Amino acid sequence: MVDVVGVMDILKDQFWFSAGLAAALIGVIMTVVAYCIYFERKISAWIQDRVGPNRVGPLGLLQPLADGAKFIFKEDSIPANVDKPLFLIAPTVAFILGMIGFVVLPWGGSVDLDGDGVVDVVAQVADPGIGLLYLLGVGSLGVYGVVLGGWASNNKYAVFAAMRSTAQMLSYEIPMGLCIFIVVVCVGSLRLEDIVLSQVGEGHVWNIVLHPVAFFILLVTIFAETNRTPFDLAEAEQELVGGYHTEYGALKFGMFFLGEYAHMITGSAFITVLFLGGWHLPWVPGLQPEDVSVGAMFMKMGVMGLKIVAFLFLFMWVRWTLPRFRFDQLMRLSWKGLLPMCMILAGYAVYLVYVGLDRDVYWALGGNIVLVLSVLVFNVLHRPLVSGRQANMPAIGGRQPA
Amino acid sequence: MGGRAKVPSGVVMIRDEDIIVVDEPDLSAAERLYLPQILGGMRTTFRHMFKKKITVQYPEQKRTLRVENYRGVHRLNRDEKGRVACVSCFMCETACPAHCIHIVSGESPWEDREKYPIQFDIDELRCIYCGMCEEACPVDAIELTPEYHLVGLTREEMIFDKEKLLQVFDRTCEEKPRKNPRITGYAGTGDRPALPPSGGGH
Amino acid sequence: MSNPWPLMVYVTFALGGLAIYFLMPRTDRSTRGAGAIFGVAALAAAMVLCASRFLGTEGGNVFFYLSAVVAVASAVKVITHEKPVYSALYFVLTVLAIAPLLIIQHAEFLAVALVIIYAGAILVTYVFVIMLAQQGGASIYDRRARQPFVAVFGGFFTMALIAGQMTVLPEEHVVQGTLASASAERATELGNTAMIGGVMMTDYLVAFEIAGVLLLVAMVGAIAMSRKRVPTEVVRASAKPPGQIGREVQPF
Amino acid sequence: MNDIAPYIILGALLFAIGVVGFLSRRNLIVIFLSTELMLQGVVVNLVAMGRLHGQLNGQIFALFLFVIAAVEAGLALGLVVLLFRRKGTLDADRWSSMWG
Chain R
29 MVDVVGVMDI LKDQFWFSAG LAAALIGVIM TVVAYCIYFE RKISAWIQDR
79 VGPNRVGPLG LLQPLADGAK FIFKEDSIPA NVDKPLFLIA PTVAFILGMI
129 GFVVLPWGGS VDLDGDGVVD VVAQVADPGI GLLYLLGVGS LGVYGVVLGG
179 WASNNKYAVF AAMRSTAQML SYEIPMGLCI FIVVVCVGSL RLEDIVLSQV
229 GEGHVWNIVL HPVAFFILLV TIFAETNRTP FDLAEAEQEL VGGYHTEYGA
279 LKFGMFFLGE YAHMITGSAF ITVLFLGGWH LPWVPGLQPE DVSVGAMFMK
329 MGVMGLKIVA FLFLFMWVRW TLPRFRFDQL MRLSWKGLLP MCMILAGYAV
379 YLVYVGLDRD VYWALGGNIV LVLSVLVFNV LHRPLVSGRQ ANMPAIGGRQ
429 PA
Chain S
30 MGGRAKVPSG VVMIRDEDII VVDEPDLSAA ERLYLPQILG GMRTTFRHMF
80 KKKITVQYPE QKRTLRVENY RGVHRLNRDE KGRVACVSCF MCETACPAHC
130 IHIVSGESPW EDREKYPIQF DIDELRCIYC GMCEEACPVD AIELTPEYHL
180 VGLTREEMIF DKEKLLQVFD RTCEEKPRKN PRITGYAGTG DRPALPPSGG
230 GH
Chain A
33 MSNPWPLMVY VTFALGGLAI YFLMPRTDRS TRGAGAIFGV AALAAAMVLC
83 ASRFLGTEGG NVFFYLSAVV AVASAVKVIT HEKPVYSALY FVLTVLAIAP
133 LLIIQHAEFL AVALVIIYAG AILVTYVFVI MLAQQGGASI YDRRARQPFV
183 AVFGGFFTMA LIAGQMTVLP EEHVVQGTLA SASAERATEL GNTAMIGGVM
233 MTDYLVAFEI AGVLLLVAMV GAIAMSRKRV PTEVVRASAK PPGQIGREVQ
283 PF
Chain E
13 MNDIAPYIIL GALLFAIGVV GFLSRRNLIV IFLSTELMLQ GVVVNLVAMG
63 RLHGQLNGQI FALFLFVIAA VEAGLALGLV VLLFRRKGTL DADRWSSMWG
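Protein chains in written order, with my numbering: chain R, 29 to 430; chain S, 30 to 231; chain A, 33 to 284; chain E, 13 to 112.
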């Protein structure tokens with residue numbers, strides 16, 4: 029028998045609690061990532077009126093195990109003339125950068141483990157004052173996995189993919205940063221737990237109600253940052269064979285794969301914390317910051333997980349619906365579409381904070397609506413944000429069909 | 030050199046007046062914003078998620094085939110007396126575009142024909158299942174069956190000899206009876222009536 | 033000279049200089065071993081130097097040594113590696129090793145800003161340009177350094193003098209940690225970011241605006257520069273000498 | 013007692029390494045990387061000295077250094093790309109004459 033009281037005493041120390049949470053998170057997230065691949069295939073199948081993987085285990089639920097075994101036991105070949113050290117490091121970098129973002133995410137708020145009314149620990153692996161910037165930094169490093177893999181492969185298609193990916197990530201980091209800036213300005217803190225708490229409680233609403241446009245733009249940029257369709261130009265099969273991982277196989281390809289899904293989970297959790305109240309649901313007892321019991325912690329973790337899963341579903345749904353952007357459209361969307369909108373929004377948010385109306389739903393939401401309407405009007409009057417034709421091409425003047 | 034570049038024979042030049050230049054249609058305001066279109070697309074895919082799946086779960090479920098013209102594994106037909114119907118005329122071997130049929134003929138032990146196949150091999154891995162052999166056969170002795178479950182562990186195993194092809198007939202003659210057993214004329218007066226040429230039941 | 037400190041600093045820097053001298057790329061690779069030995073010796077000497085001044089009080093000692101060793105070693109790799117891509121990537125490692133050093137000193141915001149700006153933006157741009165300009169391995173001009181001895185002497189001699197003299201402070205001039213710990217307390221109370229923001233928006237407002245204008249000008253300049261087309265004749269006239277560009281592919 | 017001497021030594025080492033790289037490498041891109049390395053040494057020193065005085069000015073200066081570094085990277089790399097297009101090489105020695 030494990031001495032429950034003794035374990036509780038150890039867990040009351042934040043360090044050991046964090047260690048336990050980190051260990052649990054690694055296990056859970058590896059499982060979720062593996063099942064993401066399963067559900068990606070399932071959802072693609074459902075959308076295409078198919079059934080999807082259903083052979084390994086009941087409903088195909090053991091498919092991730094089979095996939096994993098396949099990745100491990102396949103021949104691990106290294107092509108001639110690749111840059112060997114970088115070729116080996118690249119998948120590791122992609123995978124690790126996908127995984128280390130989880131440590132700062134707030135999973136369940138404050139917890140009182142022994143029920144004596146005193147908050148013992150925070151259900152978070154680490155709670156730095158700069159958690160948001162940490163996530164941003166990890167995200168901005170994410171491009172290295174793609175770049176190294178593409179460059180080291182000594183394959184021109186892989187290099188194209190790497191260069192596309194670099195330009196894409198640099199471009200979309202700017203609107204992303206501005207969207208985050210809007211939240212930070214309103215909340216006044218970079219701690220993720222503070223950001224959650226600011227959306228919780230009497231008279232507070234989730235940030236998505238205040239700044240829906242920023243939420244939407246952040247969603248778009250996360251699609252771009254995680255290299256998901258419609259922004260998956262780094263692995264455009266029709267143009268670039270397999271993109272940056274053309275030369276990769278077996279376990280190394282598997283790590284790229286897992287890294288992409290881990291990145292998606294981080295992105296979903298990120299947007300959940302920033303705009304959807306993290307572990308909070310309004311009017312549900314047990315999901316309020318005052319509830320600090322262990323049961324409430326698990327409920328909060330469950331709610332957070334459900335929100336993340338909803339976003340993952342959205343990622344997959346969009347992937348199997350939308351076609352890919354062309355590269356000039358991608359760039360124009362970022363620089364001429366999202367960036368000006370973000371700058372206007374950021375300026376407006378700063379103004380609201382200055383006059384003290386940043387928590388006022390009517391003002392914040394009203395400004396957003398006005399912005400969307402003006403963009404609509406502008407769009408009707410002027411050249412579209414994303415056009416079907418390249419901007420600099422001469423107009424086609426030709427004979428019409430006889 | 031001067032003059033017109035010589036056009037190689039066989040190359041069709043596209044004349045200017047044949048080229049049709051088409052301008053892209055202008056997008057409407059809603060289309061330019063992209064979002065309504067995206068949402069429409071997502072609605073479509075979402076609806077498809079709950080539609081009836083059209084996939085056939087193969088080993089458990091099987092598609093119903095049109096047995097009269099499905100082109101699967103070959104068989105060598107037997108006549109009424111259970112002998113191989115082939116008269117070893119080499120028409121099928123000649124007609125085969127993939128050269129997968131190999132016949133060794135010998136003098137027939139039976140009175141109603143001169144030759145019969147001592148050996149009759151079909152390489153099922155080489156075959157392209159075009160059905161030319163069936164068309165070519167003057168006595169309708171070789172036919173393609175609706176059997177498509179064709180697997181093997183070695184290449185040798187996939188070369189079907191006479192016995193194996195006759196076994197295929199035994200397996201499938203219920204499902205797809207022989208098209209016209211009387212066509213050859215040598216069969217004499219069998220007690221089975223001729224079947225209509227369109228063939229079979231299911 | 034009674035105080036042995038400056039001498040110790042000079043010896044450390046001399047060892048480091050020798051290490052770099054022997055590690056610099058040159059046609060003869062046999063000096064690498066000597067360079068590595070000198071490098072390890074220099075790092076050991078530097079660690080002894082640091083240990084004599086820490087006096088075992090700082091909580092971040094282990095992290096300091098780890099990060100500092102990684103930072104210096106990868107910095108050496110930046111300037112001695114023959115392939116520019118590796119140089120850039122080792123620079124990323126340097127940046128990632130310096131970030132913990134800033135965190136130890138309660139400069140969290142700066143640490144993350146360093147990672148985001150340097151590793152996430154600047155170095156990505158470098159890697160991008162290297163991929164554009166120099167696909168493949170080391171070229172001739174990467175394999176041979178230009179007058180490494182003079183460079184090493186100039187760099188390390190100057191810095192040894194400055195560092196040696198700058199850190200010889202009489203005991204009473206060393207701030208006894210009061211201000212530093214006070215700043216740490218304030219930082220935990222208010223948050224490093226908020227404090228930096230406060231100072232930046234009050235005392236340094238003009239400088240902040242000027243920095244913004246500088247960035248804008250740089251952006252306009254970079255765009256104007258890179259949009260310029262080079263006439264094809266110029267490119268043709270400067271035909272590349274054979275063997276300088278491009279990867280040397282080993283025959284199978 | 014918190015002493016900043018180790019940080020100054022570290023900063024000086026980084027700066028010295030940067031100087032050596034700047035003076036003796038011939039690849040334009042590596043030369044610019046070396047200048048960034050020098051800036052890193054300066055950042056370490058600035059933060060340490062700011063802590064010594066219990067002020068934030070050092071950190072603010074370091075932030076401005078980042079701005080300079082970003083500006084330098086943008087302009088310098090733009091120049092490098094332009095130069096590379098003209099001569100097809102990154103060798104700084106081939107640009108010793110100013111009319112290229």
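Positions of the beta carbon are idealized from the N, C-alpha and C atoms, including for glycine. Predicted, not measured: the structure shown is a model, and the values here were computed from it.
message: Can you give me the C-alpha to C-alpha distance between CYS115 (chain S) and ALA62 (chain R), rounded to a whole angstrom?
response: Taking the second sequence and counting its residues from 1, one reaches residue 115 (chain S) at position 86. Taking the first sequence and counting its residues from 1, one reaches residue 62 (chain R) at position 34. Roughly 58 Å separates the two Cα atoms.
field: Chain-ordered residues of the region 73 to 84 of chain R with a beta carbon less than 9 Å from chain S
entry: ALA73, TRP74, ILE75, GLN76, ASP77, ARG78, VAL79, GLY80 and ASN82
task: Report buried or exposed for GLU204 (chain A), applying the criterion of at least 16 other Cβ atoms within 10 angstroms of its Cβ.
output: To locate residue 204 (chain A), count along the third sequence from 1; it is residue 172. Annotation note: pLDDT 48 at GLU204 (chain A) (below 50); position unreliable, no value reported.
field: Burial state of GLN266 (chain R), where buried means 16 or more other Cβ atoms lie within 10 Å
entry: The residue you call residue 266 (chain R) lines up with position 238 of the first sequence. By the neighbour-count rule (16 or more Cβ atoms within 10 Å), GLN266 (chain R) is not buried but exposed.
- request: Could you pull out every residue in the same chain whose Cβ sits closer than 8 Å to the Cβ of TRP15 (chain R), ignoring the five residues on either side in sequence?
  value: Any question about residue 15 (chain R) goes unanswered here, given that chain R covers just 29 to 430.
task: State whether the region 50 to 60 of chain E contacts the region 77 to 87 of chain E, with contact taken as three or more CB pairs (one from each stretch) at a distance under 8 Å.
output: yes
- prompt: How about VAL138 (chain E): is its C-beta nearer than 8 Å to some C-beta of chain A?
  reply: One cannot answer for residue 138 (chain E) here, as it falls past the ends of chain E, which runs 13 to 112.
- request: Check the DSSP bridge columns for GLN148 (chain S) and list the partner residues they point to.
  value: In the second sequence, residue 148 (chain S) corresponds to position 119, counting from 1. Beta-bridge pairing links GLN148 (chain S) to S:VAL133.
field: Within chain A, partners of VAL54 (chain E) - CB distance below 9 Å
entry: Position 42 of the fourth sequence, counted from the start, is the residue given in the question as residue 54 (chain E). None at all; the shortest Cβ gap to chain A is about 11 Å.
- prompt: Which bits of chain R does THR84 (chain S) rub up against, with CB to CB less than 9 Å?
  reply: Here residue 84 (chain S) refers to the residue found at position 55 of the second sequence. Within chain R, the residues near THR84 (chain S) are ALA73, ASP77, ARG78, VAL79 and GLY80.
- prompt: Among R:LEU342, R:HIS273 and R:VAL237, which one has its Cα closest to the Cα of LEU304 (chain R)?
  reply: Looking up residue 304 (chain R) in the first sequence gives position 276. Per the Cα distances, R:VAL237.
query: Straight-line CA distance for GLY152 (chain A) to LEU268 (chain R)?
result: Numbered from 1 along the third sequence, position 120 holds the residue referred to as residue 152 (chain A). Numbered from 1 along the first sequence, position 240 holds the residue referred to as residue 268 (chain R). Cα-Cα distance, rounded: 25 Å.
message: Under 8 Å, Cβ to Cβ, is there at least one residue of chain E near ALA153 (chain A)?
response: Within the third sequence, residue 153 (chain A) is the residue found at index 121, counting from 1. It does; some Cβ of chain E falls within 8 Å.
message: Against chain E, does ASP28 (chain A) count as a neighbour if the rule is that its beta carbon must be under 8 Å from one of theirs?
response: No statement about residue 28 (chain A) is possible, as the shown extent of chain A runs from 33 to 284 and does not include it.
task: Could you check which residue in S:GLN86, S:GLY69 and S:PRO175 has the C-alpha nearest to that of ARG100 (chain S)?
output: Taking the first residue of the second sequence as 1, we reach residue 100 (chain S) at position 71. Nearest option by C-alpha distance: S:PRO175.
query: Should LEU340 (chain R) be flagged as near chain S, meaning a C-beta pair shorter than 8 Å?
result: Within the first sequence, the letter at position 312 stands for residue 340 (chain R). Closer than 8 Å: no.
message: According to DSSP, is SER46 (chain E) part of a helix, a strand, or is it coil?
response: Here the question's residue 46 (chain E) lines up with position 34 in the fourth sequence. Correct three-state label for SER46 (chain E): helix.
- prompt: Based on the DSSP secondary-structure assignment, which residues constitute the bridge partners of PHE189 (chain S)?
  reply: Within the second sequence, the letter at position 160 stands for residue 189 (chain S). DSSP, once it has assigned bridges, lists S:ILE151 as partnering PHE189 (chain S).
task: Examine the Cβ distances between the region 187 to 197 of chain R and the region 129 to 149 of chain R and report whether three or more of them are shorter than 8 Å.
output: no
field: Any 3 or more C-beta pairs closer than 8 Å across the region 381 to 397 of chain R and the region 226 to 241 of chain R
entry: yes
query: Should TRP179 (chain R) go down as buried or exposed, given a rule of 16 or more other Cβ atoms within 10 Å for buried?
result: Residue 179 (chain R) sits at position 151 when you count from the first residue of the first sequence. It is buried - the Cβ of TRP179 (chain R) has at least 16 other Cβ atoms within 10 Å.
field: Rounded Cβ spacing between GLY159 (chain R) and LEU218 (chain R) (contact assumed at less than 8 Å)
entry: Here residue 159 (chain R) is taken as the residue at index 131 of the first sequence, counted from 1. Here residue 218 (chain R) is taken as the residue at index 190 of the first sequence, counted from 1. Right, their Cβ atoms sit about 6 Å apart.
query: Whole-angstrom Cβ separation of ILE135 (chain A) and ALA143 (chain A), contact assumed at under 8 Å?
result: If you number the third sequence from 1, residue 135 (chain A) lands on position 103. If you number the third sequence from 1, residue 143 (chain A) lands on position 111. So it is a contact: roughly 5 Å between Cβ atoms.
- prompt: Where do the ends of the beta strand (DSSP E) carrying LEU173 (chain S) lie?
  reply: If you number the second sequence from 1, residue 173 (chain S) lands on position 144. Note, LEU173 (chain S): beta strand (DSSP E), 171 to 173.
- request: Give, in chain order, every residue of the region 184 to 199 of chain A whose Cβ lies closer than 8 Å to some Cβ of chain E.
  value: VAL184, GLY186, GLY187, PHE188, THR190, MET191, ALA192, ILE194, ALA195, MET198 and THR199
- prompt: With a Cβ-Cβ cutoff of 8 Å, do ALA131 (chain A) and VAL156 (chain A) count as a contact?
  reply: Walking along the third sequence from the start, residue 131 (chain A) turns up at place 99. Walking along the third sequence from the start, residue 156 (chain A) turns up at place 124. No, the Cβ-Cβ distance between ALA131 (chain A) and VAL156 (chain A) is not below 8 Å.
- prompt: Does the beta-carbon distance from VAL433 (chain R) to GLN91 (chain R) come in below 8 Å?
  reply: Since the first residue of chain R shown is 29 and the last is 430, residue 433 (chain R) is not available in this structure.
field: VAL320 (chain R) versus GLY70 (chain S): straight-line alpha-carbon distance, rounded
entry: Position 292 of the first sequence, counted from the start, is the residue given in the question as residue 320 (chain R). Position 41 of the second sequence, counted from the start, is the residue given in the question as residue 70 (chain S). In a straight line, the C-alpha of VAL320 (chain R) is about 43 Å away from that of GLY70 (chain S).
query: If MET257 (chain A) sits next to PRO180 (chain A), beta carbons under 8 Å apart, how far is it from one beta carbon to the other, in whole angstroms?
result: In the third sequence, counting from the first residue as 1, residue 257 (chain A) sits at position 225. In the third sequence, counting from the first residue as 1, residue 180 (chain A) sits at position 148. 32 Å between Cβ atoms; not a contact.
message: Between which residues of its own chain and CYS125 (chain S) is the CB-CB distance below 7 Å, once the five residues before and five after are set aside?
response: As a first step, residue 125 (chain S) must be located in the second sequence, where it is residue number 96. Closer than 7 Å at the Cβ level, and outside the excluded window around CYS125 (chain S), lie MET161 and CYS162.
query: Helix, strand or coil: which one does DSSP assign to ASN35 (chain A)?
result: Along the third sequence, read from residue 1 onward, the residue named residue 35 (chain A) stands at position 3. Looking at ASN35 (chain A) - three-state DSSP - the assignment turns out to be coil, as it is neither helix nor strand.
- prompt: GLY48 (chain A) versus chain E: which residues are under 9 Å apart at the beta carbon?
  reply: Position 16 of the third sequence, counted from the first residue, corresponds to residue 48 (chain A). Those within 9 Å of GLY48 (chain A) in chain E are LEU25, ALA28 and ILE29.
task: Have a look at TRP37 (chain A) and MET191 (chain A) and give me their C-alpha separation to the nearest angstrom.
output: Residue numbering aside, residue 37 (chain A) sits at position 5 when the third sequence is read from its first letter. Residue numbering aside, residue 191 (chain A) sits at position 159 when the third sequence is read from its first letter. Using only the alpha carbons, I get a separation of about 15 Å.
- request: Determine whether the Cβ of PRO180 (chain A) lies closer than 8 Å to any Cβ atom of chain E.
  value: Locating residue 180 (chain A) in the third sequence gives position 148, where the first residue counts as 1. PRO180 (chain A) counts as touching chain E.
query: Which of helix, strand or coil does DSSP assign to HIS273 (chain R)?
result: Position 245 of the first sequence, counted from the first residue, corresponds to residue 273 (chain R). If DSSP states are grouped into helix, strand and coil, HIS273 (chain R) belongs with the helices.
- request: Go ahead and label GLN90 (chain S) buried or exposed: buried means 16 or more other beta carbons lie within 10 angstroms of its beta carbon, across all protein chains shown.
  value: On the second sequence, residue 90 (chain S) is found 61 positions in, with the first residue counted as 1. Answer is exposed; the Cβ neighbour count stays below 16.
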